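Those protein sequences? They're chains A and B, same order as listed.
Residue 819 is where the first sequence starts when you use this note's numbering, and the numbers rise one by one after that.
Residue 4 is where the second sequence starts when you use this note's numbering, and the numbers rise one by one after that.
Working notes, beginning with the structure itself.
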Amino acid sequence: MRNVSTIYQREIKSYFYSPIAYVVISVFLIASGFFFAGNLQFWQEASLKGSLDSIQFFLLLLTPVITMKLFADETKSGTIETLMTSPVTDFDVVFGKFLAALSLYVVMILPTWIFVIFLTIFGNPDFGPIFSSYIGLVLMGSLFVSVGLLISSFTRNQVVAAVIGIVSLIILWVIGFLSSYGDGWFYETLRYAGTFDHWESFTKGIVDTRDVIYYLSFTALLLFITVRNVESRKWR
Amino acid sequence: MINVKNLTKRYVNINAVDNITFNVEENETVGLLGPNGAGKTTTMRILTCFMPATAGTATVAGFDVFTDSLNVRQQIGYLPENVPLYLDMRVNEYLMFRAKLKNIPRRERRKKIDYCLDLTGIRDVQNQITGTLSKGYKQRVGLADTLIHDPKILILDEPTIGLDPNQIMQIRQVIRGLGEKHTVLLSTHILPEVEMICDRIMIIDKGKIVAMDTPANLMKQLKSSSNVILEIKGDGGKIKSSLSGIDSVRSVTWKEKEDANEFYVEGSGEDDIREDIFNCIVKDNYILREMKRQPITLEEVFHQITTKETEEVSDNA
């Protein structure tokens, strides 16, 4: 666990040494602020209704930018060699990087609480759905980050990692919609695999263990595959 | 300290390392020599647990590189080729990160870092960002990192590549100093370097060990090609024909030099041809100004050994 924290600290520092963190956070906050204002005007209601969907969409586009460098950069610069020949396990490295990216993600969404403050000043929002939505956002973040991390471990090119990451997340988002085209186990599976359905119940104020388990187990699976993929240099 | 037995690493269509066996004793400095693509880096990567072998076994400090990899990694300091560093960190910060990763207790970290900063001469740049350092300084930061946890075994992949002559001298001195208390395996293709710092040399080519001995012995083995350089006054053409007349001489080449001629005489056998040449010159009354045996350099040893291998291979084909 000490190694996880060492790796975590380095990754966090590295985010703030490079402009990536600042750029991503600024873009996200500007975009979500703009859409918050728009939604508020449209719905005339003291809730995050609508704003959350746009926030989710921007996260889908920006999270892969956070995760793109995690492994791609190490592979490209060769630091993977010094890192992996130190007495650390592959899991330490993967998990440390995962936590660092997830932390940046949380830092990115925290300032959106200012929207909630506005709502309480000028209205009387229902806090239930707001809290549950943020729980949902963090759970969704862990899934998004682990998708990005896995993809970063496949390539040495950061741009490729980001683009494929965004495409994957969009696919993960839309396969849920396909389920409305039919019935049966196939469409049922699609509906379960897509993130949208699980996310929706959080916005309604429902924290369902099935959804929590969906996000956590999916994240665990992806992290497991990442560890295997990092290990795979050993049997290739 | 390092025991390698029948080690093979196979890539899709070639054997990068082909059934090699060798040992490195404690506190010995062994130079791994070979042309590009000979399998030096692959061998080192296997020993440092970066990649496993296809077949064979390797133990480092008594631990198997495959089954006991974490223990092995705790015992070695590895400097990869091209010295990868995190270019956004300061030197101090980088070494602190590496010290933590290498499980150095909190209290000792600062002391060890200071020690390594002095040893590699980078105290002046300790607060600089590694990305802004010159190649030589980066190399030293890398070296400081390999030494930080005081490993028993150092594995250095081309530690002096890309440095200026002064830096090369300094790094060599550091390595030679370390060689007294550490087991060192280093790769290079600069021959005077191994000659100077290594107790033993291992030449590998196409994944196979083609020679392994002390530098002195390796050169002795090849003394056989007895070539002599002469400086003689007189008519070059005539002298050449009389020198060529000697039985033990295989070939003679010459060129004019100010007021004399320089001859390069290649002997045909293993015997010393200097006496024959002397007799010939005395007989024909030439003025001999200089006669010296051409010293065999490791370059030649290397060239002979690696090209001999190629000839054999092409004969088989």
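We put the beta carbon where it would ideally sit given N, CA and C, even for glycine.
These figures come from a predicted structure and were not determined experimentally.
Exposure of residue i, with buried meaning 16 or more beta-carbon neighbours within 10 Å
i	result
residue 891(A)	buried
residue 999(A)	exposed
residue 316(B)	Legend: pLDDT at residue 316(B) = 48, less than 50; position of this residue unreliable, no value from coordinates given.
residue 945(A)	exposed
residue 29(B)	exposed
residue 306(B)	exposed
residue 114(B)	exposed
residue 976(A)	buried
residue 1003(A)	exposed
residue 10(B)	buried
residue 996(A)	exposed
residue 240(B)	exposed
residue 40(B)	exposed
Distance, residue j Cα to residue i Cα
i	j	result
residue 858(A)	residue 852(A)	10 Å
residue 258(B)	residue 247(B)	15 Å
residue 950(A)	residue 1042(A)	27 Å
residue 231(B)	residue 26(B)	37 Å
residue 125(B)	residue 134(B)	14 Å
residue 12(B)	residue 887(A)	30 Å
residue 866(A)	residue 49(B)	55 Å
residue 824(A)	residue 101(B)	9 Å
residue 877(A)	residue 90(B)	28 Å
residue 319(B)	residue 220(B)	Low confidence applies here, because residue 319(B) scores a pLDDT of 46, under 50, leaving its location unreliable and the question unanswered by this model.
residue 980(A)	residue 971(A)	12 Å
residue 883(A)	residue 207(B)	44 Å
residue 149(B)	residue 32(B)	16 Å
residue 1006(A)	residue 1020(A)	20 Å
Below-8 Å beta-carbon distance, residue i vs any chain A residue
i	result
residue 113(B)	no
residue 54(B)	yes
residue 316(B)	Bear in mind that a pLDDT of 48 at residue 316(B), under 50, signals an unreliable position, so the number given afterwards is only what the model happens to contain. No - not a single Cβ of chain A is within 8 Å of the one on residue 316(B).
residue 146(B)	no
residue 6(B)	no
residue 129(B)	no
residue 18(B)	no
residue 51(B)	yes
residue 175(B)	no
Min CB distance residue i to chain B below 8 Å
i	result
residue 1002(A)	no
residue 835(A)	yes
residue 832(A)	yes
residue 896(A)	yes
residue 906(A)	yes
residue 899(A)	yes
residue 975(A)	no
Under the three-state DSSP convention, the category residue i falls into
i	result
residue 1005(A)	helix
residue 57(B)	coil
residue 79(B)	strand
residue 189(B)	strand
residue 18(B)	strand
residue 69(B)	coil
residue 93(B)	strand
residue 819(A)	coil
residue 148(B)	helix
residue 160(B)	strand
residue 851(A)	helix
residue 86(B)	coil
residue 294(B)	strand
Only counting runs of 4 or more residues, tell me where the alpha helix (DSSP H) segments fall wholly within the stretch 860–946 of chain A, in order along the chain. 869–885, 887–895, 897–902, 908–927, 931–940
3 or more residues per run - each beta strand (DSSP E) lying fully within the stretch 209–292 of chain B: 211–216, 230–236, 252–260, 263–270
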